[in-house]
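Participant:
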Amino acid sequence: MELSPYAQGGWRLLGDPRRFPRRPFAALLRAAFRSLLDHPQAGNSFILDDPDLKDIDPTVLKHCHAAAATCILEAGKQKADISAISTCLEDCKLDKERIEQFCTEYQKNKDALEILLGSIGRSPLHITDVSWRLEYQIKNNQLHKTYQPSYLVTLNVENSDSGSHPDVSFSCTMEQLQDLVGKLKDAAKSLERATQM
Amino acid sequence: KLNVGVDTIQHGVEGLVYLLTESSKLMISEVDFQDSIQVLGFSDELNKSLLQLYLDNRKEIRSILGELAPRLPSYHSLEWRLDVQLASRSLRQQIKPAVTMKLHLNQNEDQTAQVLQTDPATLLHLIQQLEQALGEMKMNHCRRIVRNMK
Numbered sequence: 003m004e005l006s007p008y009a010q011g012g013w014r015l016l017g018d019p020r021r022f023p024r025r026p027f028a029a030l031l032r033a034a035f036r037s038l039l040d041h042p043q044a045g046n047s048f049i050l051d052d053p054d055l056k057d058i059d060p061t062v063l064k065h066c067h068a069a070a071a072t073c074i075l076e077a078g079k080q081k082a083d084i085s086a087i088s089t090c091l092e093d094c095k096l097d098k099e100r101i102e103q104f105c106t107e108y109q110k111n112k113d114a115l116e117i118l119l120g121s122i123g124r125s126p127l128h129i130t131d132v133s134w135r136l137e138y139q140i141k142n143n144q145l146h147k148t149y150q151p152s153y154l155v156t157l158n159v160e161n162s163d164s165g166s167h168p169d170v171s172f173s174c175t176m177e178q179l180q181d182l183v184g185k186l187k188d189a190a191k192s193l194e195r196a197t198q199m
Numbered sequence: 003k004l005n006v007g008v009d010t011i012q013h014g015v016e017g018l019v020y021l022l023t024e025s026s027k028l029m030i031s032e033v034d035f036q037d038s039i040q041v042l043g044f045s046d047e048l049n050k051s052l053l054q055l056y057l058d059n060r061k062e063i064r065s066i067l068g069e070l071a072p073r074l075p076s077y078h079s080l081e082w083r084l085d086v087q088l089a090s091r092s093l094r095q096q097i098k099p100a101v102t103m104k105l106h107l108n109q110n111e112d113q114t115a116q117v118l119q120t121d122p123a124t125l126l127h128l129i130q131q132l133e134q135a136l137g138e139m140k141m142n143h144c145r146r147i148v149r150n151m152k
């Protein structure tokens, strides 16, 4: 696992006990993870406003926060193990205790990070739910005595970018719905067979 | 060839069209049809031909009239495909199964195709919900209504 020179510079600062005593170091790690994983909420105070960080020069703080965030994301992206992370941070002259602190914090947040990274990206419209309506048609202004059952199916879909999207709706006869369900069941059976391989 | 004016022909055709479409639309019985044209005072032979014309073409006329009704996009067919996402720019070493589908719909003579995707859990949920929908027609409530509407 490799970090850019800028990130490495930030970690070297983080590793320096004169610049970053124990408490601010722990506070920055917490802040870095929170800033990536917490949902942005209106009215939330800026995460780096931790009282333990008030004595640190703002430029240094910004540099170190960026370095920490970069390392977290890179480790998450590569699914790096502890030894790879440790090696990387050793190269930045961090002592064993601080490396262990980071790794512990990383382990705690690993799953949430993986979910977050996995959800980024483009994909076709995603179906989240379906609703249906069964009606019995009696007549319309062009034709009387039609006497036919008909289904109205609505698929709720989500866009990976913007979240919402107008639903896909269509009508179908009983035979067509049977066809649709049959095909969906084929897909499900294929899935089951694939997972058993 | 018929030695009749253009206007007369036009009115005749319009009259016939009206007679046939209205009768087909209302799906009137033979008896009702005969009673209706009785008032026109045609010969028995002509009445018989008209009745036959009605009965022969009723089904086709009704299917054409059916196309004029307001319609939502309707189902045509579905294609599907199993995918497994292995990696993305933001995350390596994934195993993310998904079902990608192409839903073909008919809308006013155009055919549209929409690409959609879903995960295995949602797929099973969709199947369960739609099977419930199909089962409804077999329930007593629906059966009773269908019986009584005819």
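If you're matching them up, the sequences are chains A and B in order.
Remember, this note's numbering sits 2 above the position in the first sequence when you count from 1.
Remember, this note's numbering sits 2 above the position in the second sequence when you count from 1.
C-beta: ideal position from N, C-alpha, C; glycine also.
From a predicted model like this one, the values you see are computed outputs, not experimental measurements.
1. Take the Cβ of B:Gln54 as the centre, count every other Cβ of all protein chains shown within 10 Å, and call the residue buried at 16 or more, exposed below.
2. For chain A, find out if any of its Cβ atoms is closer than 8 Å to the Cβ of B:Leu147; answer yes or no.
3. So with CB distances below 8 Å, who are the chain B contacts of A:Gln180?
4. Using 10 angstroms around the beta-carbon of A:Gln198, count the other beta-carbons present and answer buried if the total reaches 16, otherwise exposed.
5. Return the chain-ordered list of same chain residues with a C-beta closer than 8 Å to the C-beta of A:Leu5, the five sequence neighbours on each side being excluded.
6. Could you list which residues in chain B have their beta carbon closer than 7 Å to that of A:Pro151, in chain order?
7. Take A:Leu39 as the anchor and find which of A:Ser164, A:Thr175, A:Leu118, A:Phe172 has the nearest alpha-carbon.
8. At the level of alpha carbons, what is the spacing between A:Ala44 and A:Ser37?
9. Assuming contact is defined by CB atoms lying nearer than 8 Å, are A:Val155 and A:Ser166 in contact in what I supplied?
10. Can you round the beta-carbon distance between A:Gln180 and B:Leu136 to whole angstroms, since I take them to be within the 8 Å contact cut?
11. Alpha carbon to alpha carbon, how far is B:His127 from B:Thr102? Give it in angstroms, no decimals.
12. Apart from the five residues just before and just after A:Lys141, which ones in its own chain have a Cβ nearer than 8 Å to its Cβ?
13. So which of B:Leu21, B:Asn108, B:Leu57 has the shortest CA-CA distance to B:Val41?
14. Given this structure, state the Cα-to-Cα distance separating B:Leu93 from A:Gln144, to the nearest angstrom.
15. With a CB to CB cut of under 6 Å and the five nearest residues on each side skipped, what residues in its chain are close to A:Pro53?
16. Tell me B:Ser65's beta-bridge partners as DSSP assigns them.
17. Any idea which residues DSSP pairs A:Ser133 with across the strands?
18. Terminal residues of the continuous alpha helix (DSSP H) containing B:Cys144?
19. So what's B:Ser72 in DSSP terms, helix, strand or just coil?
20. In terms of alpha-carbon separation, which member of B:Leu84, B:Leu4, B:Gln113 lies closest to A:Ala185?
21. Give the secondary structure of B:Gly7 by DSSP, where H, G and I count as helix, E and B as strand, and everything else as coil.
22. Under a Cβ-count criterion, where at least 16 other Cβ atoms within 10 Å of its own Cβ denotes burial, should A:Gly78 be classed as buried or exposed?
23. For the region 123-139 of chain A, which residues have a CB atom closer than 7 Å to at least one CB atom of chain B, in sequence order?
Facilitator: Taking the coordinates as given:
1. exposed
2. Correcting the residue identity first, residue 147 of chain B is Ile in this sequence and not Leu. Closer than 8 Å to some Cβ of chain A, the Cβ of B:Ile147 qualifies, so yes.
3. Leu136
4. exposed
5. Trp13, Ala69, Thr72, Cys73, Glu76, Cys90, Cys94
6. Met139
7. A:Leu118
8. Low per-residue confidence applies at A:Ala44: pLDDT is 43, beneath 50, and the placement is therefore not dependable, though the value from the model is reported in the following sentence. Using only the alpha carbons, I get a separation of about 14 Å.
9. no
10. 6 Å
11. 16 Å
12. Lys147, Thr148
13. B:Leu21
14. 57 Å
15. none
16. Paired residue(s): none; B:Ser65 is not in a bridge.
17. A:Thr156
18. 142-151
19. The question names Ser, but residue 72 of chain B in the sequence shown is Pro. Coil, per DSSP.
20. Position check: residue 185 of chain A holds Lys in this sequence, whereas Ala was assumed. If we check each option's Cα against that of A:Lys185, B:Leu84 comes out closest.
21. coil
22. buried
23. Gly123, Ser125, Pro126, Leu127, His128, Ile129, Thr130, Val132, Trp134, Leu136, Tyr138
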